[in-house]
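Peer 1: Here the sequence shown stands for residues 103 to 350, where the numbers follow the working numbering.
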Amino acid sequence: MIVERTMDPRWLSNSWLVADRPGGHAVLVDTGGPSAPLLARIDELHLTVTHVLCTHHHHDHVTHNADYRTAHGCPVCGHRAEAALFGDLDVELEDGDELRSGDLTIRALHVPGHTLGQLAFLVNEQALFTGDTLFRGTVGGTRAPGHTTFEDLRHSILDVLLRFPQETRVLPGHTDETTVGAEWRDNPFVRMWRGIDAPGATPCTALGRPATLLLRARDYDGGTKCWVRFDAGGVLDVVPGSAVVDRA
């Protein structure tokens with residue numbers, strides 16, 4: 103299996119090219135990275151592109167959908183819950199749907215939290231494309247446009263994505279790849295949610311509201327991401343570190 107990517111320098115968002123072999127069939131997973139290098143590789147490898155697979159509708163993941171559709175006539179696929187937000191969706195997917203592209207078997211996994219229609223894609227039981235749900239050393243937020251709840255996000259990560267074999271490759275929507283085993287063992291959010299590490303109890307202001315800071319950890323962009331519990335109602339959220347200020 104061939105896996106190559108480009109990454110947008112502004113958003114650090116990835117486009118993944120996945121092919122069964124040179125001269126074979128391929129799909130794109132998200133299109134936020136520059137398209138020209140991958141279009142060139144498709145030509146060099148003499149690939150037939152069959153699908154553009156979208157993990158979710160956010161602009162930094164769908165920027166170049168039209169480039170691949172125009173060049174190769176391939177359908178754009180995403181979760182049916184976000185069809186109206188895409189505006190140009192050709193195939194509506196649901197949890198458990200399978201697609202074939204040559205010798206590639208692709209299973210769609212519904213992993214809500216960051217967005218309602220967030221999808222991950224498992225390819226040939228080897229590579230797991232996780233969009234904005236799980237990254238190397240961090241997790242997706244639950245305050246982006248179209249988000250659902252922290253409880254959804256935690257379930258998607260602990261009970262869906264990290265239930266695959268430890269050697270499974272994790273190829274996220276931003277920055278570098280990792281493995282299921284590495285994230286199960288080392289990801290600070292996962293460790294805390296598994297009960298291995300104890301949460302903090304620092305009073306803070308999050309998004310302008312009184313809260314308790316449970317965890318602040320490094321995010322994929324070099325900043326931080328925070329797990330907080332709001333004082334009002336005890337609601338849990340994963341929010342940008344820039345939105346959290348400690349209270350004296």
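Virtual Cβ for every residue (Gly too), placed ideally from N, Cα, C.
Let me check understanding here. Comparing Cα to Cα, which of His257, Ala313, Thr108, Gly324 lies closest to Gly336?
Peer 2: Taking only the C-alpha atoms, the option nearest Gly336 is Ala313.
Peer 1: Would you identify the three-state DSSP class for Pro274, choosing helix, strand or coil?
Peer 2: Residue state, collapsed to three classes: strand.
Peer 1: With distances taken between CB atoms, is the gap from Ile259 to Thr235 smaller than 8 Å?
Peer 2: Cβ atoms of Ile259 and Thr235: closer than 8 Å.
Peer 1: Hey, Pro124 and Leu140 are a contact pair by Cβ (cut 8 Å); roughly how many whole angstroms apart?
Peer 2: Not a contact, Cβ separation roughly 15 Å.
Peer 1: Who are Gly180's beta bridge partners in DSSP?
Peer 2: Glu194.
Peer 1: Output yes or no for whether 8 Å exceeds the beta carbon distance between Leu224 and Arg238.
Peer 2: Not in contact: Leu224 and Arg238 (Cβ atoms no closer than 8 Å).
Peer 1: Please report how far the alpha carbon of His398 lies from the alpha carbon of Glu184, in whole angstroms.
Peer 2: Residue 398 is absent from the model: the chain starts at 103 and stops at 350.
Peer 1: Taking the C-alpha atoms as reference points, what is the distance between Thr157 and Ala334?
Peer 2: Cα to Cα, the separation comes out at about 32 Å.
Peer 1: If the criterion is Cβ atoms closer than 8 Å, does the pair Val262 and Leu206 meet it?
Peer 2: Against a cut-off of 8 Å, the Cβ pair of Leu206 and Val262 comes out as no contact.
Peer 1: Work out the CA separation of Arg112 and Cys306 for me, nearest whole Å.
Peer 2: Roughly 29 Å between the two C-alpha positions.
Peer 1: Quick check: the region 239-254 against the region 167-175, are at least 3 beta-carbon pairs closer than 8 Å?
Peer 2: The region 167-175, when compared against the region 239-254, does not touch it at the 8 Å Cβ threshold.
Peer 1: Could you check if Phe229 is buried or exposed, using at least 16 other CB atoms within 10 Å of its CB as the buried criterion?
Peer 2: The sequence given here has Ala at residue 229, not Phe. Classification of Ala229: buried, given that the 10 Å Cβ count is 16 or more.
Peer 1: Please state whether DSSP places Ala210 in a helix, a strand or coil.
Peer 2: DSSP places Ala210 in strand when its eight states are reduced to three.
Peer 1: Buried or exposed for Arg320, please, with buried defined as at least 16 other CB atoms from any protein chain shown within 10 angstroms of its CB.
Peer 2: So Arg320 ends up on the exposed side.
Peer 1: What whole-angstrom Cβ distance do His161 and Leu201 have, given they're in contact under 8 Å?
Peer 2: No, His161 and Leu201 are not in contact; Cβ-Cβ is about 24 Å, not under 8 Å.
Peer 1: By Cβ distance, which residues of its chain are closer than 6 Å to Leu149, with the 5 residues on each side in sequence left out?
Peer 2: If we look at Leu149 and ignore the five residues flanking it on each side, its Cβ neighbours are Ala121, Ala128.
Peer 1: Going by the CB atoms, is the gap between Asp199 and Asn167 shorter than 8 Å?
Peer 2: For Asn167 and Asp199, no; Cβs fall outside 8 Å.
Peer 1: For chain B, find out if any of its Cβ atoms is closer than 8 Å to the Cβ of His174; answer yes or no.
Peer 2: As a matter of chain content, chain B is missing from the structure shown, which is built from one protein chain.
Peer 1: According to the neighbour-count rule (16 or more other Cβ atoms, all chains shown, within 10 Å of its Cβ), is Arg296 buried or exposed?
Peer 2: Under this definition Arg296 is an exposed residue.
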